[in-house]
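For what it's worth, our numbering labels the leading residue of the sequence shown as 6, then goes sequentially.
For each residue, glycine too, the CB sits at the ideal point set by N, CA and C.
Only one structure is covered here, and it is reproduced in the block below.
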Amino acid sequence: TGLDQVAEIAANVALATNQSTAGTTHKRPVFNVKKWRFKSPTGGMNDVDRATVGAFYSNASSVFEWGLGESTRMANMLRVPRYAGVDSDPEYVSLTRAQVSPQFRFFFADIGPTRVFGLPLN
């Protein structure tokens, strides 16, 4: 299926990035939910969720997300070394790509007509 193809491409990109960044060390910031300025009023996370995601992403060597949003910005702020994300809204993929680190990889999943938050119409 199309989703399987997207997942395979994303995995291959993550593996290639992993090989090219092996052995590098970068000091990464610690997530502080009280200082986080990009809280989405329309997203699905509350402060407990943000703290949990922030703790995971602070130590993650790679992240794969289905659906871009606030957690994508968290991954960027926390300098996740390898990131791949998939979304069903091509405009949002482009917008997000322009706002985060160039090593982040994004994929558009064409699931047909969508409504708000890239949810399918049917």
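Measuring straight from C-alpha to C-alpha, what distance separates residue i and residue j?
{"i": "Arg87", "j": "Ala80", "result": "9 Å"}
{"i": "Trp71", "j": "Thr101", "result": "13 Å"}
{"i": "Ser67", "j": "Leu83", "result": "11 Å"}
{"i": "Ser76", "j": "Lys32", "result": "20 Å"}
{"i": "Phe113", "j": "Val53", "result": "29 Å"}
{"i": "Phe43", "j": "Asn37", "result": "12 Å"}
{"i": "Phe111", "j": "Ala89", "result": "6 Å"}
{"i": "Arg55", "j": "Ile116", "result": "28 Å"}
{"i": "Gly49", "j": "Phe109", "result": "22 Å"}
{"i": "Asn64", "j": "Val35", "result": "9 Å"}
{"i": "Leu124", "j": "Pro118", "result": "8 Å"}
{"i": "Val85", "j": "Arg78", "result": "10 Å"}
{"i": "Thr47", "j": "Ser106", "result": "23 Å"}
{"i": "Trp41", "j": "Gln104", "result": "16 Å"}
{"i": "Leu126", "j": "Val91", "result": "18 Å"}
Using the rule of at least 16 other Cβ atoms within 10 Å of the residue's Cβ for burial, across every protein chain shown, is residue i buried or exposed?
{"i": "Glu13", "result": "exposed"}
{"i": "Leu73", "result": "buried"}
{"i": "Asp9", "result": "exposed"}
{"i": "Val121", "result": "exposed"}
To which residues does DSSP link residue i through a beta bridge?
{"i": "Ser67", "result": "Arg87"}
{"i": "Asp92", "result": "Phe113"}
{"i": "Thr47", "result": "DSSP, once it has assigned bridges, lists no residue as partnering Thr47."}
{"i": "Thr101", "result": "Its beta-bridge partners do not exist; DSSP assigns none."}
{"i": "Thr57", "result": "DSSP lists no partner for Thr57."}
{"i": "Thr119", "result": "Pro125"}
Measuring only between beta-carbons, confirm whether residue i sits less than 9 Å from chain D.
{"i": "Tyr97", "result": "Absence of chain D from the displayed structure is noted, only one protein chain being present."}
Are at least three pairs of beta-carbons, each pair with one atom in the stretch 90-109 and one in the stretch 53-67, less than 8 Å apart?
no
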